[in-house]
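The structure under discussion appears below in the form of structure tokens.
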Amino acid sequence: MVLSRARREDAVTTIAFPAPDAAVLGRREAIIAGLARLLPAEAVITSEDERRAFETDALTAYRQVPLAVVLPSTTEEVAAVLRFCHAEGVKVVPRGAGTSLAGGAIPQEDAVVLGIAKMNRVLDIDFVNRTARVQAGITNLAISQAVAHEGFFYAPDPSSQLACTIAGNIAMNSGGAHCLKYGVTTNNLLGVTMVLLDGTVVEIGGAHLDAPGYDMLGLVCGSEGQLGVITEATVRILRQAEGARPALMGFDSVETAGACVAAIIGAGIIPVALEFMDRPAIKVCEAFAHAGYPLDVEALLIIEVEGSEAEIEDALKRIVAIAERFSPKALRVSRSEAESAAIWKGRKSAFGAMGRIADYLCMDGTIPTGQLPHVLKRISEICTGYGLGVANIFHAGDGNLHPLVLYDINKPGELEKAEAAGADILKLCVEVGGCLTGEHGVGIEKRDLMRHQYSEVDLVQQMRIRGVFDPAWLLNPAKVFPLDGRVVQ
Amino acid sequence: MTLPRSATISDTVLTPENEQEAAALVAACAAAARPLAIRGGGTKAAVGRPVNAEATLSTKALTGITLYEPAELVIAARAGTPLAEIERTLAERGQMLPFEPADARALLGSEGEATVGGLAATNLSGPRRIMAGACRDAMIGVRFVNGRGEVVKSGGRVMKNVTGLDLVKLAAGSWGTLGLLTEVTFKVQPKAERLATLVIEGLDDARGVEALNAALGSPFEITGAAHLPAGLGGERARTVLRIEGFSPSVDYRVGELRHLLAPYGPAERIVDAGEARRLWQDVRDVRFLAEPQAHAVWRLSTVPTAGPRVVAAVAGLAEARFFYDWGGGLVWLSVRAEGDCGATMIREALAPHGGHATLWRAPADIRAALQPFQPLAAPLMRLSEGVKRAVDPAGIFEPGRMYAGI
Ligand SMILES: Cc1cc2nc3c(=O)[nH]c(=O)nc-3n(C[C@H](O)[C@H](O)[C@H](O)COP(=O)(O)OP(=O)(O)OC[C@H]3O[C@@H](n4cnc5c(N)ncnc54)[C@H](O)[C@@H]3O)c2cc1C
Ligand SMILES: Cc1cc2nc3c(=O)[nH]c(=O)nc-3n(C[C@H](O)[C@H](O)[C@H](O)COP(=O)(O)OP(=O)(O)OC[C@H]3O[C@@H](n4cnc5c(N)ncnc54)[C@H](O)[C@@H]3O)c2cc1C
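Chains A and B are the protein sequences, given in the same order.
Letter 388 of the first sequence, counting from 1, is numbered 388 in the UniProt record's numbering, and no numbers are missing.
Letter 145 of the second sequence, counting from 1, is numbered 145 in the UniProt record's numbering, and no numbers are missing.
Right under this line is the structure:
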């Protein structure tokens, strides 16, 4: 993922990694030999060059070359690797496609990266009962493609869906533009096969609904590779709507756009997607996608509804009637597939388009939607205070913000400023009743901010539960929980 | 008939006035290793294994809605708040809890008012679960007192949140064994403008469930899909589907569904709105199996099309009566309360398809003698025991309610 235009080799970054375990580094050859006994030769990657391909994820400011990389093909191979690493006291960083924006998949020098990208098969599709069983390294989009011929799809649709894996989605509880109606990963996941660090294979859930005991599936979803390695998953697939069409509306203030969103939801309409862009974002996206976005507005809403042609007409009529009460400066209902595609192209390529003009950090806080005008104003003040630009693109229906803090990696000190601005923005989200991350996860990026959202008691309780799954803290241990004050049994 | 929850529960009822007091009480009980039962509305109903508690912690005084933002689709309330109050408050703004919580009183012959805490702790969802998700899907935040007497929060009031481990899900359906919930935040949904119910009569179970799944696999957004065999509230078998939304959309979908389901027979629309609502309430509350109260009731969750096959394998149990919700994936089964109430047979029948069976209603001696909750595979059981210890190290909350040792 190219999120920064150029890489500054000497970029000083502020998030610390734990010091590597010298004893493990010293045993590197023996560890590699041990792994080689468990897997086919091509599944163990040891050369410096090839390992470098795994040194970061989409949080490219941070890099760590791992001890080794393994690419197993079966649950049994995963179990063998984990059992070995457990016995040897070697850290393991599970990896899908490496598109994490929070640094969730960034390795450690003394850790083995366990990539599951080879495990990418569809195992079973049951259209009547509407489920699909897949290996966890399959990409998000490939699941939808595998069921599309019968008119089905897998609902959560992160913008990275072409590349990201279902394992990564489960680990980050990923969302997408259409989760306002369909929910995020946790709402669409029915079962997983997960391997614990000691090699135990655990089956959680299945093709049925609800857990017989504790909701372990709910706990595993969003656990960022810290509880176990997911090797298979059963997901719900849904029948596609007959059609979908967006409307585009521009307002001369953020407040008015926010009020319009509240009025639509207050009227009992839940669109399938409700996306927001501010002026800087509109400008860049329009230049890239030529979607016909109005350029003279402060806020743009993309509102999509689904159904038959008549249902779409009816729903859009209701939405337009509400929007008109807020005197939109621009209001256009898509009339054709081509027009709809153009409108979405602008939104879906937003991150890429932005990446062509600047380096950026993509933040991911969630706020109560009523706080929108206040928060956007403060975000702008925060970034201006650091001398940085910012563009806002986000899921307005659920308050999940994606401020892109713009900086230039080649200007000394700018990345550090961007990180500081990002931290201030996330603290602001928590202050107004929201949270640090809505869908990208904590990773290393927000690890040191966790105390702003949680009390020590809250964190310790989470860590105690984490410890049940991985008592030695060998699974992705540099992430999520602040490095100091860890509770290890 | 009122089933005593447990013959061994002591009469001591602790009724903390606020969260801090609750935490202090729990801390004291933990220090003295005094096991606690938790009671919300005091429905006195009996699900699970009888608990050997020395005292009961009541949430009666922990009441009140703490947040309601209709435009943000969110409501939060203290754990003892009656569910009825939540539903009334939401209805005033044309909203509802998405998962259609049941009123269990008819089935369990119990009294009292269900509470927010009891609702969350049991993670029960009605017919709309197939479209709108379960209770756990609507839960976005909790505050609870753990077994150390500490107040823990997880999640919050926003719709999307992946900050740290999701303890909200863990609290959902924990039956009080992981601590005392003090406050729960739910995502809510607008009530539909219109509701339509289609009925096809005379199908056998397998055909009925097939029809339901044909509809569920269509783009026409079904919010209820149940099959009621002959003798349950009607002389002939009824296969029923619910469609909700704005009027033009509902009319359109009803037309399309009738067409789609033509191979199964004519799908008639229930004209009387009151009658249709009552029907879905009966499905939700399992009213068809309320009587005779002395019979045991099972709740089975499996793959939808496996529902009728599992039932066929156990239909020989004495006086078996049953119906299907969730397109066939949820089976409510009532049998005579004797022996193991069919536990072995039911679980064997489920095994090839996957799923679980919970003994929902039975006399206490029977519940004490067998596993009312589906036994877990060894690795999952080990993790469950670990989680219980991580949250409640002294094992004081509802010990044994779900599983021995948990
Ligand atoms: C351009 C772009 C757009 C994006 N858009 C969205 C979006 O719209 N919505 C959204 O939610 N996210 C989005 N993301 C973030 C990212 O794509 C998601 O977090 C995704 O789920 C990561 O999947 P992955 O396969 O790349 O996982 P990785 O990045 O490889 O790993 C992510 C986490 O999962 C863990 N993990 C990986 N495999 C396993 C396994 N087998 N078992 C256990 N843990 C595992 C890792 O340890 C890590 O913590 C975007 C990213 C980019 C670069
Ligand atoms: C067919 C059917 C049958 C049902 N049968 C029962 C039944 O037999 N028993 C039943 O309780 N509910 C049952 N329910 C659920 C019921 O409708 C309510 O949703 C809820 O459980 C009753 O609330 P209550 O406040 O009366 O809970 P209570 O009966 O007081 O408690 C129920 C469970 O929740 C736990 N609990 C209650 N409050 C809290 C809290 N604040 N923190 C942590 N745990 C808490 C208790 O420990 C107990 O395990 C049934 C629902 C259906 C659809």
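Each residue gets a CB set at the ideal place from its N, CA and C atoms; glycine is no exception.
Quantities reported herein were computed from a predicted structural model and do not represent experimental measurements.
Nonlocal neighbours in the same chain, by C-beta distance under 7 angstroms from residue i, ignoring five residues either side
{"i": "R128/B", "result": "P98, F99, E100, T223, G224"}
{"i": "R236/B", "result": "E201, G202, A230"}
{"i": "A276/B", "result": "L195, T197, I270"}
{"i": "M119/A", "result": "S73, Q135, A136, G137, T231"}
Own chain partners of residue i with C-beta closer than 8 angstroms, once the 5 adjacent residues on each side are dropped
{"i": "K446/A", "result": "A102, L426, L436, T437"}
{"i": "V81/A", "result": "L35, L38, L39, V70, P72, V92, V112, L114"}
{"i": "M363/A", "result": "L401, H402, P403, L404, V405, G422, I425, L426"}
{"i": "V147/A", "result": "I125, F127, A132, F153, Y154, I237"}
{"i": "A262/A", "result": "T369, G370"}
Proximity of residue i and residue j at Cβ, strictly below 8 angstroms
{"i": "residue 495/A", "j": "A136/A", "result": "Past the boundaries of the shown model lies residue 495/A; chain A is included only from 1 to 489, so the question cannot be answered."}
{"i": "V310/B", "j": "L257/B", "result": "no"}
{"i": "E17/B", "j": "A55/B", "result": "no"}
{"i": "P212/A", "j": "L178/B", "result": "no"}
{"i": "R49/B", "j": "A362/B", "result": "no"}
{"i": "F246/B", "j": "R194/B", "result": "yes"}
{"i": "V184/B", "j": "V142/B", "result": "yes"}
{"i": "I382/A", "j": "N392/A", "result": "no"}
{"i": "I302/A", "j": "I343/A", "result": "yes"}
{"i": "C164/A", "j": "P158/A", "result": "yes"}
{"i": "A79/B", "j": "G40/B", "result": "yes"}
{"i": "L165/B", "j": "S223/A", "result": "yes"}
Residue i - containing alpha helix (DSSP H), residue span
{"i": "G352/A", "result": "350-357"}
{"i": "H374/A", "result": "372-385"}
{"i": "Q281/B", "result": "273-285"}
{"i": "I143/A", "result": "140-147"}
{"i": "A91/B", "result": "83-92"}
{"i": "S247/B", "result": "247-260"}
{"i": "E69/B", "result": "Counting along the chain, E69/B falls outside any alpha helix (DSSP H), though it belongs to the beta strand (DSSP E) covering 65-69."}
{"i": "S384/B", "result": "378-391"}
{"i": "R83/A", "result": "75-88"}
Residues bridged to residue i [DSSP beta-bridge criterion]
{"i": "R238/B", "result": "E201/B, L228/B"}
{"i": "Q462/A", "result": "In DSSP, Q462/A forms no bridge with anything."}
{"i": "R245/A", "result": "V305/A"}
{"i": "G126/B", "result": "Partner(s): none; G126/B has no beta bridge."}
{"i": "W332/B", "result": "R299/B, F323/B"}
{"i": "D126/A", "result": "T131/A"}
{"i": "E244/B", "result": "L195/B"}
{"i": "L274/A", "result": "I303/A"}
{"i": "K91/A", "result": "A111/A"}
Reference residue i, options the options, closest by Cα
{"i": "R207/B", "options": "R277/B, L261/B, V188/B", "result": "L261/B"}
{"i": "A478/A", "options": "I31/A, F54/A, P107/A", "result": "P107/A"}
{"i": "F186/B", "options": "S301/B, L83/B, T163/B, P266/B", "result": "L83/B"}
{"i": "G98/A", "options": "R52/A, T131/A, G199/A, N129/A", "result": "R52/A"}
{"i": "P94/A", "options": "R27/A, G413/A, T14/A, L196/A", "result": "L196/A"}
{"i": "Y214/A", "options": "L380/B, V250/B, L36/B", "result": "L380/B"}
{"i": "A420/A", "options": "N169/A, L449/A, A43/A", "result": "L449/A"}
{"i": "A171/A", "options": "L162/A, T186/A, Y454/A", "result": "T186/A"}
{"i": "A132/B", "options": "M345/B, M96/B, A315/B", "result": "M96/B"}
{"i": "E324/A", "options": "G346/A, E275/A, A259/A", "result": "A259/A"}
{"i": "R63/A", "options": "T14/A, E414/A, A241/A", "result": "T14/A"}
Unbroken beta strand (DSSP E) run spanning residue i, endpoints
{"i": "D365/B", "result": "Counting along the chain, D365/B falls outside any beta strand (DSSP E), though it belongs to the alpha helix (DSSP H) covering 364-369."}
{"i": "residue 503/A", "result": "Here chain A has residues from 1 to 489 only, and residue 503/A is not among them."}
{"i": "G205/A", "result": "201-205"}
{"i": "A155/B", "result": "Residue 155/B is actually Gly in this sequence, not Ala. Unbroken beta strand (DSSP E) run through G155/B: 151-155."}
{"i": "L101/A", "result": "Where L101/A is concerned, there is no enclosing beta strand (DSSP E), given that its DSSP letter is neither H nor E."}
Cβ shell of residue i (< 6 angstroms), same chain only, five flanking positions each side left out
{"i": "I136/B", "result": "The amino acid occupying residue 136/B in the given sequence is Arg; Ile does not appear at that position. Within the same chain, R136/B has close Cβ partners N123, K169, A172."}
{"i": "D285/B", "result": "A102, D103, A106"}
{"i": "L25/B", "result": "L14, P16"}
{"i": "G126/B", "result": "E100, A102, R284"}
{"i": "R486/A", "result": "none"}
heavy atom of ligand 3 below 7 angstroms from residue i C-beta
{"i": "P280/A", "result": "For the structure depicted, ligand 3 is absent and the ligand set comprises only ligand 1 and ligand 2."}
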